[in-house]
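Undergrad:
Numbering (the numbering used here), first residue to last: 42 to 648.
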């Protein structure tokens with residue numbers, strides 16, 4: 042039997058060991074806290090130089106921003122830059138004031154892209170990397186930086202630290218033009234003047250752009266709830282913004298309601314919408330959209346609102362036959378409309394509704410989040426001697442046509458590396474074997490005023506510029522959506538370039554492209570939009586090397602286009618031409634052609 046003394050010694054030893062363990066645990070916790078603090082401070086120091094303070098003329102009003110590229114492109118809010126004019130002054134943490142010019146704007150999404158002018162030509166700006174807002178979760182730490190109340194007269198940004206308190210939040214326009222979809226809710230403090238500034242994760246990556254906040258009734262004190270536009274939404278529009286466009290957000294062209302069983306049911310749909318052409322009807326259940334399960338109307342608005350007009354995205358819907366009591370599932374790729382005419386019983390803030398005007402900021406104070414210029418108000422005029430005005434060109438439909446021309450020229454120069462067709466002004470022809478739907482010999486002749494196609498024993502011909510011809514009479518061959526017109530436009534694009542499109546020739550940003558009409562074939566492309574005669578065309582280029590991958594020719598904006606996919610390029614006398622052409626219309630393949638030979642003016646080239 043152990044003595045009392047030995048038991049006491051054992052207990053004493055245990056206490057000593059317990060105290061040691063507690064001390065070690067405390068030291069470990071202290072080290073973790075110190076490491077986390079060091080990481081946070083290091084991230085702040087890395088990105089502090091990238092913060093931008095945006096000012097209106099004469100310093101009346103302003104906000105914040107963040108530089109995202111070494112050549113000086115910076116993100117801010119639309120409601121900040123709209124109060125600053127086309128050319129503005131911005132300050133950075135180096136204490137210097139820079140000239141800047143508007144590049145592209147997203148009035149509905151409350152985003153603007155500006156371009157800073159360097160003090161020395163060619164000198165790089167400090168910039169912050171873009172993160173992935175899809176990985177952000179409630180409880181994550183976040184950093185907000187900017188210039189609340191315009192306090193930082195030396196342009197040194199204010200830093201606040203707090204939690205992400207919600208993700209996938211939807212904020213109604215609430216009397217303004219601004220609709221925040223799928224945004225990040227934060228308790229990280231933001232106030233008037235923080236608008237347009239970045240929200241960072243602790244790696245120093247931009248995960249959002251701060252814009253709206255909940256304030257007490259005088260509008261000057263943060264109540265602990267702020268909202269940031271997700272950076273992934275902004276990425277979808279980045280090509281449009283860099284192209285100097287005034288971008289438009291997407292609508293499906295349909296209204297949905299949640300029924301008592303929690304199902305998302307279609308209540309109304311525009312017959313001119315692509316969703317209608319793909320078979321969606323009232324009383325159908327919307328199951329998935331853009332790869333995400335649909336849970337509520339709020340969720341649907343969140344998903345829809347982060348995409349630009351014109352994108353083509355997957356949709357899954359179910360239909361129940363009440364007589365047979367059978368349910369069938371349907372999948373389709375659907376082209377999205379822009380925010381357009383309201384449906385008959387549409388409520389404010391629902392897809393398809395035109396934006397509502399907001400209120401202007403009061404002179405001399407930072408714009409309150411969510412307050413853009415009101416109807417009929419003109420943005421302030423920049424100083425006439427601003428050097429930034431050399432990089433601004435006004436044109437209807439564009440935020441800054443100067444940058445659209447830059448992006449267009451960059452893309453065309455890359456495309457011309459594949460061959461110069463400008464001298465091939467005579468008639469073109471090719472001969473091909475049709476693989477589908479029927480095997481036949483195909484011959485085409487393309488000229489300035491006519492377009493001819495022979496498929497087996499069937500002959501087709503159109504005069505593309507003939508006036509007063511109904512679109513359906515130019516849509517030859519039947520079922521193709523207008524292949525003859527599409528081939529005519531293609532030859533014209535190769536030969537004449539911009540000069541051949543009197544109705545419009547513009548860079549259109551980025552969007553998904555599906556070479557075989559199926560979701561797995563998706564590739565992201567750059568876009569040019571053209572208008573000529575009776576047709577408009579979207580041209581799709583590889584971002585890697587500017588290869589022309591295909592195009593869509595529209596004879597009627599409310600009808601399916603003729604889709605032409607160009608494959609298996611080979612070089613012929615210094616010019617690359619496709620050796621396979623696939624043609625689609627609607628959700629069906631019209632034909633697939635294997636080229637035997639091309640004949641260009643004054644020369645004959647064999648594959």
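Glycine included, C-beta positions come from ideal geometry on N, C-alpha and C.
Bear in mind the structure is a predicted one, so any value in this text is a computation, not a measurement.
1. For residue 597, which residues from the same chain have a beta carbon less than 7 Å from its beta carbon, with the 5 sequence-adjacent residues on both sides left out?
2. How big is the Cα-Cα spacing for residue 122 and residue 94?
3. What are the partner residues of residue 306, as DSSP defines its beta bridges?
4. Who pairs with residue 482 in a beta bridge, going by DSSP?
5. With DSSP run on the structure shown, which of helix, strand or coil describes residue 274?
6. Given this structure, state the Cα-to-Cα distance separating residue 454 from residue 616, to the nearest angstrom.
7. What's the C-alpha gap between residue 248 and residue 271?
8. I need the straight-line Cα distance from residue 643 to residue 549, nearest angstrom please.
9. Take the Cβ of residue 654 as the centre, count every other Cβ of all protein chains shown within 10 Å, and call the residue buried at 16 or more, exposed below.
10. Whose C-alpha, out of 119, 70, 578 and 124, is nearest the C-alpha of residue 526?
11. May I ask which residues mark the beginning and end of the beta strand (DSSP E) holding residue 549?
12. Grab the span of the beta strand (DSSP E) containing residue 499 for me, first residue to last.
13. Rounded to the nearest angstrom, what separates residue 167 and residue 560 at their Cα positions?
14. Tell me where the alpha helix (DSSP H) around residue 526 begins and ends.
15. Measuring only the C-alpha atoms, how far is residue 300 from residue 205?
16. Does the distance from the C-beta atom of residue 605 to that of residue 624 stay below 7 Å?
17. Give me the Cβ distance between residue 154 and residue 139, rounded to the nearest whole Å; I'm assuming they're in contact under 8 Å.
18. Straight-line CA distance for residue 607 to residue 628?
19. Okay, do the region 119 to 133 and the region 424 to 437 touch, 3+ Cβ pairs below 8 Å being the bar?
20. Around the Cβ of residue 160, are there at least 16 other Cβ atoms within 10 angstroms (buried) or fewer (exposed)?
21. Would you say residue 116 and residue 106 are within 7 Å of each other, going by their C-beta atoms?
22. Is DSSP giving residue 220 helix, strand or coil here?
23. What first and last residue would you give for the alpha helix (DSSP H) that runs through residue 315?
24. Identify the continuous beta strand (DSSP E) that holds residue 570 and give its terminal residues.
25. Terminal residues of the continuous beta strand (DSSP E) containing residue 239?
26. Do you know whose CA, among 519, 521 and 492, lies nearest residue 507's CA?
27. Between residue 570 and residue 313, is the Cβ-Cβ spacing less than 7 Å?
28. Please determine if the region 330 to 340 and the region 363 to 370 are in contact, where contact requires at least 3 C-beta pairs separated by less than 8 Å.
29. State the Cα-Cα distance for the pair residue 389 and residue 345, rounded to the nearest angstrom.
30. Is it right to say residue 194 is buried, meaning 16 or more other beta carbons lie within 10 angstroms of its own, or is it exposed?
31. Among 296, 197, 347 and 173, whose alpha-carbon lies nearest the alpha-carbon of residue 149?
32. Helix, strand or coil, according to DSSP, for residue 404 in the structure here?
33. Could you compute how far the alpha carbon of residue 459 sits from the alpha carbon of residue 588?
34. On the three-state DSSP scale, how would you describe residue 452?
35. So for residue 229, helix, strand or coil by DSSP?
36. List the whole-angstrom C-beta distance separating residue 621 from residue 472, where the pair is believed to meet the contact cut-off of C-beta under 8 Å.
TA: In short:
1. Taking the first residue of the chain shown as position 1, residue 597 is located at position 556. Close CB contacts of residue 597 within its chain, under the 7 Å cut and outside five residues either way in sequence, are with 512 (chain order).
2. In the chain shown, counting from the first residue as 1, residue 122 sits at position 81. In the chain shown, counting from the first residue as 1, residue 94 sits at position 53. Residue 122 and residue 94 have their C-alpha atoms roughly 11 Å apart.
3. Position 265 of the chain shown, counting from 1, holds the residue named residue 306. DSSP lists 298 and 326 as partners of residue 306.
4. Here residue 482 corresponds to residue number 441 of the chain shown, with the count starting at 1. Residue 482 pairs with 474.
5. Along the chain shown, read from residue 1 onward, the residue named residue 274 stands at position 233. Note: residue 274 maps to helix in three-state DSSP.
6. What you label residue 454 is simply residue 413 of the chain shown in a count that begins at 1. What you label residue 616 is simply residue 575 of the chain shown in a count that begins at 1. In a straight line, the C-alpha of residue 454 is about 14 Å away from that of residue 616.
7. Locating residue 248 in the chain shown gives position 207, counting from the first residue. Locating residue 271 in the chain shown gives position 230, counting from the first residue. Spanning the two alpha carbons is a distance of roughly 6 Å.
8. Translated into positions along the chain shown, residue 643 becomes position 602. Translated into positions along the chain shown, residue 549 becomes position 508. Using only the alpha carbons, I get a separation of about 35 Å.
9. Given that the chain is displayed from residue 42 to residue 648, the structure contains no residue 654 and the question cannot be resolved.
10. Residue numbering aside, residue 526 sits at position 485 when the chain shown is read from its first letter. Checking every option, the nearest Cα to that of residue 526 belongs to 578.
11. Residue numbering aside, residue 549 sits at position 508 when the chain shown is read from its first letter. Counting along the chain, the beta strand (DSSP E) containing residue 549 begins and ends at 545 to 554.
12. Translated into the one-based positions of the chain shown, residue 499 becomes position 458. For residue 499, the uninterrupted beta strand (DSSP E) segment begins and ends at 499 to 503.
13. Taking the first residue of the chain shown as 1, we reach residue 167 at position 126. Taking the first residue of the chain shown as 1, we reach residue 560 at position 519. If you take the alpha carbons of residue 167 and residue 560, they lie about 38 Å apart.
14. On the chain shown, residue 526 is found 485 positions in, with the first residue counted as 1. 524 to 537 is the extent of the alpha helix (DSSP H) around residue 526.
15. Along the chain shown, one-based indexing puts residue 300 at 259. Along the chain shown, one-based indexing puts residue 205 at 164. Taking the straight line from one Cα to the other gives about 31 Å.
16. Working through the chain shown from its first residue, we reach residue 605 at position 564. Working through the chain shown from its first residue, we reach residue 624 at position 583. Inclusion of residue 605 and residue 624 in the CB contact set at 7 Å is warranted, their separation being smaller than that value.
17. The residue you call residue 154 lines up with position 113 of the chain shown. The residue you call residue 139 lines up with position 98 of the chain shown. Between residue 154 and residue 139, the beta carbon gap of about 15 Å keeps them out of contact (Cβ cut-off 8 Å).
18. Counting from one through the chain shown, the residue named residue 607 turns up at place 566. Counting from one through the chain shown, the residue named residue 628 turns up at place 587. Going from the Cα of residue 607 to the Cα of residue 628 covers about 18 Å.
19. Here the region 119 to 133 lies against the region 424 to 437, with 3 or more beta-carbon pairs under 8 Å apart.
20. In the chain shown, the residue the question calls residue 160 occupies position 119. The residue in question, residue 160, is exposed, as its Cβ has fewer than 16 Cβ neighbours within 10 Å.
21. Taking the chain shown and counting its residues from 1, one reaches residue 116 at position 75. Taking the chain shown and counting its residues from 1, one reaches residue 106 at position 65. In contact: residue 116 and residue 106 (Cβ atoms closer than 7 Å).
22. Looking up residue 220 in the chain shown gives position 179. Note: residue 220 maps to coil in three-state DSSP.
23. Taking the chain shown and counting its residues from 1, one reaches residue 315 at position 274. Bounds of the alpha helix (DSSP H) holding residue 315 are 315 to 318.
24. Mapped onto the chain shown, residue 570 falls at position 529. Segment 564 to 573, the beta strand (DSSP E) holding residue 570.
25. For this step, residue 239 is matched to residue 198 along the chain shown. First-last of the beta strand (DSSP E) with residue 239: 239 to 241.
26. Position 466 of the chain shown holds residue 507. Nearest option by C-alpha distance: 492.
27. Your numbering for residue 570 matches position 529 in the chain shown. Your numbering for residue 313 matches position 272 in the chain shown. If you check the CB distance, residue 570 and residue 313 do not come in under 7 Å.
28. The region 330 to 340 makes no contact with the region 363 to 370; the number of CB pairs closer than 8 Å stays below 3.
29. Walking along the chain shown from the start, residue 389 turns up at place 348. Walking along the chain shown from the start, residue 345 turns up at place 304. At residue 389 the pLDDT is 32, less than 50, meaning the model places this residue with poor confidence; the figure from the coordinates comes in the next sentence. Using only the alpha carbons, I get a separation of about 16 Å.
30. If you number the chain shown from 1, residue 194 lands on position 153. Burial state of residue 194 is exposed, judged by a 10 Å Cβ sphere holding fewer than 16 other Cβ atoms.
31. The sequence position of residue 149 within the chain shown is 108, counting from 1. When only C-alpha atoms are compared, the closest one is 347.
32. As a working mapping, residue 404 is identified with position 363 in the chain shown. Only weak support exists for where residue 404 lies, its pLDDT of 29 falling under 50; the value from the coordinates is given anyway. Note: residue 404 maps to coil in three-state DSSP.
33. The residue given as residue 459 occupies position 418 in the chain shown. The residue given as residue 588 occupies position 547 in the chain shown. Approximately 7 Å, taken between the alpha carbons.
34. Position 411 of the chain shown, counted from the start, is the residue given in the question as residue 452. Reduced to three states, the DSSP call for residue 452 is helix.
35. Within the chain shown, numbered from 1, the residue matching residue 229 stands at position 188. In the structure shown, residue 229 sits in coil (DSSP, three-state: anything other than H, G, I, E or B).
36. Position 580 of the chain shown, counted from the start, is the residue given in the question as residue 621. Position 431 of the chain shown, counted from the start, is the residue given in the question as residue 472. Your pair residue 621 and residue 472 does not check out as a contact, with CB atoms roughly 14 Å apart and the cut at 8 Å.
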